[in-house]
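Worksheet: one structure, shown below.
What follows is the structure in structure tokens.
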């Protein structure tokens, strides 16, 4: 088997592993959503919240949640460029 053939085979194996990993990631993300939903439903039931009350609470929370934006770098003080004196002005 030549070096080229080995590299091609390795590429094929790596692509297969990536595809498997992506499929596993999608499945885990779905499971995460299911578990989060279950946890939220449990909290709602424990506190005797109806779906309407919970929805209203979330709307109120979102309306009052501070909007975060990425921090901006401080502006540098702009200094005017120094004028260079010509040799004959000295």
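In this note's numbering, the protein residues as written are 741 to 830.
A virtual CB, placed ideally from N, CA and C, is assigned to each residue, including glycine.
Inter-residue spacing [alpha-carbon to alpha-carbon] between residue i and residue j
| i | j | result |
| --- | --- | --- |
| residue 782 | residue 792 | 16 Å |
| residue 760 | residue 779 | 29 Å |
| residue 746 | residue 756 | 15 Å |
| residue 750 | residue 743 | 10 Å |
| residue 748 | residue 754 | 10 Å |
Segment limits, alpha helix (DSSP H) that includes residue i
| i | result |
| --- | --- |
| residue 762 | 743-786 |
| residue 798 | 791-804 |
Expected contact under 8 Å - CB spacing of residue i and residue j to nearest Å
| i | j | result |
| --- | --- | --- |
| residue 794 | residue 803 | Their Cβ separation, rounded to whole angstroms, is 15 Å, which puts residue 794 and residue 803 out of contact at 8 Å. |
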